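Participant: Numbering (the numbering used here), first residue to last: 10 to 290. Every residue, glycine too, gets a C-beta built ideally from N, C-alpha and C. These numbers were taken from a predicted model, which means no experiment stands behind them. Mind looking over this structure? Questions follow.
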Amino acid sequence: MTPLYDAHNHLQDDWFAPHWDSLDHDLRDAGLKRAVVNGTCEADWPSVARLAARFLWVLPSYGLHPWDAGNRSPHWLDRLRAQLAADPRAAIGEIGLDRWILDSAKTDDPRLTGLRRAPLEEQGEVFLKQLALASTENRPVSIHCLQAFGALEGILRHVNTPTRGFLLHAYGGSVEMVPLFAERGAYFSFNGSFLESRHGAKREAFQRVPTDRLLVETDAPAMSLPPGRARYSLPPAPDGSPINHPANLRAAYAGLAELRGVDVETLAAQVEENFDRFFLA
Ligand SMILES: [Zn+2]
Numbered sequence: 010m011t012p013l014y015d016a017h018n019h020l021q022d023d024w025f026a027p028h029w030d031s032l033d034h035d036l037r038d039a040g041l042k043r044a045v046v047n048g049t050c051e052a053d054w055p056s057v058a059r060l061a062a063r064f065l066w067v068l069p070s071y072g073l074h075p076w077d078a079g080n081r082s083p084h085w086l087d088r089l090r091a092q093l094a095a096d097p098r099a100a101i102g103e104i105g106l107d108r109w110i111l112d113s114a115k116t117d118d119p120r121l122t123g124l125r126r127a128p129l130e131e132q133g134e135v136f137l138k139q140l141a142l143a144s145t146e147n148r149p150v151s152i153h154c155l156q157a158f159g160a161l162e163g164i165l166r167h168v169n170t171p172t173r174g175f176l177l178h179a180y181g182g183s184v185e186m187v188p189l190f191a192e193r194g195a196y197f198s199f200n201g202s203f204l205e206s207r208h209g210a211k212r213e214a215f216q217r218v219p220t221d222r223l224l225v226e227t228d229a230p231a232m233s234l235p236p237g238r239a240r241y242s243l244p245p246a247p248d249g250s251p252i253n254h255p256a257n258l259r260a261a262y263a264g265l266a267e268l269r270g271v272d273v274e275t276l277a278a279q280v281e282e283n284f285d286r287f288f289l290a
């Protein structure tokens, strides 16, 4: 059986720490070969590095997430450069643009407690510096975009991107924009939460993604699957929010295979090729 690849998650989250040994077991059991673990702020980059040193299947990725852009230190870019220099395999991410935190998020959303919400222009400056670094070093880069796809498309049209391409993680843009991004070198990762009935538009977009640009992700601990789909579970976080077990990756593969009208094994072989080409070549 072809092994599975998680193109995007956040297993460095402190909450996971007491569960790492059992997660390692469950992930091997589920057939995982590699997972890209994404840092989001300066404070969690060392945790990503520690996880990569402990588990061979971890591919580390370092970046400043748009939610964290407003709280960056004056030395953030030097720190990022140092983190990347320490590991030539490392990717860049998660980076991006997020209009949702500015226009749609509730003022008391617990995930945003203590964060200064950087305006889109400031997010763009932080994003561009990291994208330029990815281009210069030709590193794989994972891009987050929420309610800002027009702005993202405008940026990508005018700047250099890595010759290996870039990943639009948990792609939630329109069907029409898929070919525009694909022409510029985009890969698109499918998330298990898209199997919820309300995400019909996202599923439609994934039917149109070129076969050689498809990847699969969990975004664990976020993005839980619909109840009937999840095979593995973990206790909820202290604030009561659900935790997505990363071994539910297999269920995300199954959902995407159904959507594309192929069997899981065919999809898995294609995703392996795509993952190797984008992240490891
Ligand atoms: Zn993420």
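Over the uninterrupted alpha helix (DSSP H) stretch that includes alanine 62, give me the two end residues.
Facilitator: 54–63
Participant: If I follow the unbroken alpha helix (DSSP H) through valine 280, where does it start and stop?
Facilitator: 273–284
Participant: Mapping the DSSP letters down to three states, classify tyrosine 2 as helix, strand or coil.
Facilitator: One cannot answer for residue 2 here, as it falls past the ends of the chain, which runs 10 to 290.
Participant: At the level of alpha carbons, what is the spacing between glycine 249 and alanine 231?
Facilitator: 13 Å
Participant: Please report the distance separating the alpha-carbon of aspartate 53 from that of threonine 145.
Facilitator: When the Cα atoms are used, aspartate 53 and threonine 145 turn out to be separated by approximately 24 Å.
Participant: What residue from Ala246, Thr227 and Pro247 has the CA that sits closest to alanine 239's CA?
Facilitator: That would be Thr227, whose Cα lies nearest to the Cα of alanine 239.
Participant: Is threonine 122 close to chain B? Criterion is C-beta to C-beta, closer than 8 Å.
Facilitator: Here chain B cannot be found, since the structure has a single protein chain.
Participant: Look at the alpha carbon of isoleucine 152 and the alpha carbon of serine 198, and state the distance between them as a whole number of angstroms.
Facilitator: 10 Å
Participant: Which residue or residues does DSSP assign as beta-bridge partners of serine 151?
Facilitator: Leu176
Participant: Is the region 242–259 touching the region 183–197 in the sense that three or more CB pairs, one from each, lie closer than 8 Å?
Facilitator: no
Participant: Quick check: does the Cβ of asparagine 169 come within less than 7 Å of any heavy atom belonging to ligand 1?
Facilitator: Every heavy atom of ligand 1 is 7 Å or more from the Cβ of asparagine 169, so no.
Participant: Please determine, among Glu51, Leu177, Arg98 and Cys50, the residue with the shortest C-alpha to C-alpha distance to proline 298.
Facilitator: Residue 298 lies beyond the range of the chain shown here (10 to 290); nothing can be said about it.
Participant: Comparing C-alpha positions only, which one of Gly48, Val168 and Leu41 sits nearest to leucine 101?
Facilitator: For the sequence presented, residue 101 should be read as isoleucine rather than leucine. Answer by Cα proximity: Gly48.
Participant: Consider the C-beta atom of asparagine 200 and the heavy atoms of ligand 1; say whether any pair is separated by less than 7 Å.
Facilitator: no
Participant: Where does glutamate 103 sit, in a helix, a strand or coil, going by DSSP?
Facilitator: If DSSP states are grouped into helix, strand and coil, glutamate 103 belongs with the strands.
Participant: Starting from tyrosine 196, follow its DSSP beta bridges and name the residues at the other end.
Facilitator: Leu176
Participant: Excluding the five sequence neighbours on either side, which residues of its own chain have a C-beta within less than 8 Å of the C-beta of alanine 160, listed in chain order?
Facilitator: Cβ within range, chain order: Leu106, Arg108, Leu129 and Gly133.
Participant: Which partner residues does glutamate 226 have in the DSSP bridge list?
Facilitator: Under the DSSP definition of a beta bridge, glutamate 226 partners with Asn200.
Participant: Can you find the residues in the same chain that come closer than 7 Å, C-beta to C-beta, to arginine 125, ignoring five residues on each side of it along the sequence?
Facilitator: Gly79 and Asn80
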